[in-house]
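Have a look at the structure below before the remarks.
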Amino acid sequence: MEKTAKENEEDYSRKKAASSETARELPVEGESAPQVKICPDTFAGLRLDVALARLFPEYSRSRLQIWLREGRLTLDAAVTHDTRRKMRGGEVARLHPAPEENALAARPEAIALEILFRDPHLMILNKPAGLVVHPGNGNREGTLLNALLHHDPALSGLPRAGIVHRLDKDTSGALAVARTLAAQTELTRQLAARSIKREYLAVVLGEVLRDGFVDAPIGRHPVDRVKMAVAERGKPARTHYRVLRRFAGATLLACQLETGRTHQIRVHLAHVGHPLLGDPVYGRTRARLPQLPDFHRQALHALRLTLLHPESGETICREAPIPEDLRRLLASLEAAAAKSALSEMA
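Numbering of the sequence shown is given in my numbering, commencing with residue 1111 and proceeding in unit increments.
Printed below as a string of structure tokens:
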């Protein structure tokens, strides 16, 4: 069927607007207005999911696909769930982003933060032991997310207030926070590509003989669902470790994550017979050495974080100072080692 003159005119106008190499955003009014973009002609032949990722690069592909299924993202005013459909160019994509309930529901709290790096796109923090990262059951207040909303109220508009990755409550050290949606999406992609380097200090029970790695999948514990465990059907996980110092009955390791599973270092090192000193979950009898004072958390510190700046591409590396409790533990281990050496010489 031939198009009417009016339809031809409308089609020409739309194609003309879409003829540039880069999709342009149409003007919208009001804060609650959707994001509306026209697909350029150069998108012809692309799959829908690929085209949407280019149109809205500030959002991850998985998020866009969820919104597509929910009807929050339409093409030429029509809902579609076929992510593999081919684009012809000139389509109008309209996005209604879902509100981020987690950050919006949290209350800002004046909790002190040690900031290792900050610019308009990114922050790197030194998280203290004992601070929960995200609100959850039993931890609705007093979390890192609450602190971030106080220090930077604009983070309420980002998923998880810009938090890119997690540290366990009782693990201290370097943690990245994005300050824009585009930065958060880029850093999340770097995590998925395993290009963000995270190096930890760990004090473990036993004398580790040599450097090595643990390559074992991690999943939920089959009985205790709060714990993680090496599991045949778990997700792939690899941890590299390097011996820094051997003590009497303990070893200081530098650990580097190749993947980022929940409790990964704690699970992997316990799996090879060297649980973290003080670990109340994966250690043996709280993983204590009888000759040393109690250490009331897992001896794990995220020492160094290296990533590519989400805007400039520059390599950013920041080191989190070793906390006082871990310094005291290492001093106690050194003193015990020196005492043992003197006894052997006597």
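Think of the CB as a built atom: it goes at the ideal place given N, C-alpha and C, for glycine as much as any other residue.
Query	Result
Who are the Cβ neighbours of W1177 in its own chain at under 6 Å, not counting the five residues just before and after it?	L1183
Give the C-beta separation of G1283 and H1406 to the nearest angstrom, bearing in mind that I take them to be a contact with Cβ-Cβ under 8 Å.	Their Cβ separation, rounded to whole angstroms, is 17 Å, which puts G1283 and H1406 out of contact at 8 Å.
Leaving out the 5 sequence neighbours to the left and right, which residues in its chain are closer than 7 Å to T1132 when beta-carbon positions are compared?	For T1132, the predicted structure reports a pLDDT of 39, less than 50, and the residue's modelled location is therefore unreliable. The matter cannot be settled from this model.
Helix, strand or coil for E1429, going by three-state DSSP, please let me know.	strand
Let me check one thing: in DSSP terms, what residues is I1234 bridge-paired to?	F1227 and A1286
Just to confirm the assignment: which complete beta strand (DSSP E) runs, minimum length 3, are found wholly within the stretch 1320–1403?	1322–1325, 1328–1330, 1338–1340, 1348–1356 and 1360–1367
Taking buried to mean at least 16 other C-beta atoms within 10 Å of its own C-beta, is T1425 buried or exposed?	exposed
Do the CB positions of A1409 and L1367 come within less than 8 Å of each other?	no
Are the beta-carbon atoms of K1337 and V1391 separated by less than 8 Å?	yes
Using a Cβ-Cβ cut-off of 7 Å (strictly less than) and excluding sequence neighbours within five positions of E1219, which residues of its own chain qualify?	E1251, G1252, N1256, A1257 and H1260
Look at the alpha carbon of V1377 and the alpha carbon of V1353, and state the distance between them as a whole number of angstroms.	18 Å
Buried or exposed for A1339, going by 16 or more other Cβ atoms inside 10 Å?	buried
Pull up the distance between the alpha-carbon of C1365 and that of G1272, whole angstroms please.	26 Å
Spell out a yes or no on whether the stretch 1289–1301 and the stretch 1327–1336 are touching, meaning 3 or more CB-CB pairs, one atom from each, closer than 8 Å.	no
Looking at C-alpha atoms only, which residue of N1249, F1357 and A1292 is the closest neighbour of L1319?	F1357
Compute the beta-carbon to beta-carbon distance between L1285 and L1387, rounded to the nearest angstrom, for a pair I have assumed lies under 8 Å.	The Cβ separation is near 22 Å, so there is no contact.
Just verifying my parser: in three-state terms, what is the DSSP assignment at Q1408?	coil
Taking all protein chains shown into account, do 16 or more other C-beta atoms lie within 10 angstroms of the C-beta of G1140, making it buried, or fewer, making it exposed?	No answer about G1140 holds up, because its pLDDT of 34 lies below 50 and its placement is not dependable.
Kindly indicate which residue of R1394, A1430, I1375 and L1362 has the alpha-carbon position closest to the one of L1440.	L1362
Residues in its own chain within less than 6 Å of T1281 by CB, not counting five upstream and five downstream?	L1410
Taking buried to mean at least 16 other C-beta atoms within 10 Å of its own C-beta, is K1345 buried or exposed?	exposed
To the nearest angstrom, report how far apart I1221 and E1317 are at their CA atoms.	39 Å
Per DSSP, which one or two residues make a beta bridge with Y1310?	C1365 and A1412
Which same chain residues, not among the five before or five after D1192, have their C-beta less than 8 Å away from its C-beta?	L1158
Please report the straight-line C-alpha distance between V1242 and D1278, rounded to a whole angstrom.	7 Å
Tell me which residue opens and which closes the beta strand (DSSP E) that I1148 is part of.	Q1145 to I1148
For H1419 and Y1169, what's the separation of their Cα atoms in angstroms?	17 Å
Could you check which residue in T1349, F1323 and A1239 has the C-alpha nearest to that of E1434?	A1239
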